[in-house]
Amino acid sequence: MFSLLKKKPVLSDEDLVFMLETYAWLLKYFGGEAFYNEATIVLPTKEFFPNPVNNPEQAAVEAFIKVKEYSGMLEWPCELERQEDDIDPIVALTLAVEGTPRTPLGTFSANEREQITISYNPAVVGNPTQMIATFAHELAHYLTATCPEPPPGGWDNWEFATDIAATFFRVWNFHGELCI
């Protein structure tokens, strides 16, 4: 009867260890003195993203620039690219196609000349919090791709480590440096 009152852990022991090891990995390569002395909480609010915009593309560009600035990556070269619109699954007022393909919210890619492109799904522009989180995630790919050692568990865990790195961005404004 009393077992109903016990709280179950949110994370498994294995997931907790991975998260802590990933934060240690991030701090090792991107923490530095500035992280500890100058970190501030950055929220997806008008206080941190104050620029007025006139259209969705401008909103995406302005938000992307601010996320780059807050993550200490303003000078890192990369292109922002708008993806094609998703296929509208609504065919008629009472008819929708199930399972229509959806593009990801964002992507990170590097070509053979090491030119970086970050793309975004135009649907995220209508949700500023999701758009900012998407940009933080894709910039976290860029940042972590520069590390000389893989994330905990190897590059197979890169996507999970990137999710944690994106929270590292969204929670703290730090001044990352390129790992060489």
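To convert, take the position in the sequence shown, counting from 1, and add 642; that gives the numbering used here. All residues carry an ideal CB built from backbone N, CA and C; glycine is no exception. It should be emphasised that the depicted structure is a prediction, and the values quoted were computed from it without experimental measurement.
query: Beta-carbon separation (whole angstroms), leucine 668 vs phenylalanine 810, contact threshold 8 angstroms; result: 5 angstroms
query: Status (buried if at least 16 other CB within 10 Å, exposed otherwise) for lysine 648; result: exposed
query: Rounded separation between threonine 771 and leucine 653 - CA only; result: 24 angstroms
query: Glutamate 780, buried or exposed, once every other Cβ within 10 Å from all chains shown has been counted against 16; result: buried
query: Buried/exposed call for leucine 737, threshold 16 Cβ in 10 Å; result: exposed
query: Rounded separation between proline 651 and tyrosine 762 - CA only; result: 34 angstroms
query: Proline 686 burial status per 10 Å Cβ neighbour count (16 or more: buried); result: buried
query: Residue from Val695, Cys720, Val684, Arg724 with nearest C-alpha to glutamine 757; result: Cys720
query: Given aspartate 730 as reference, the closest of Leu747, Glu740, Lys688 once Cα atoms are compared; result: Glu740
query: Same chain, Cβ closer than 8 angstroms to tryptophan 814, five either side skipped, listed in chain order; result: Here tryptophan 814 scores only 42 on pLDDT, less than 50, and its place in the model is too uncertain to base an answer on.
query: Distance CB(aspartate 728)-CB(threonine 745) smaller than 9 angstroms; result: yes
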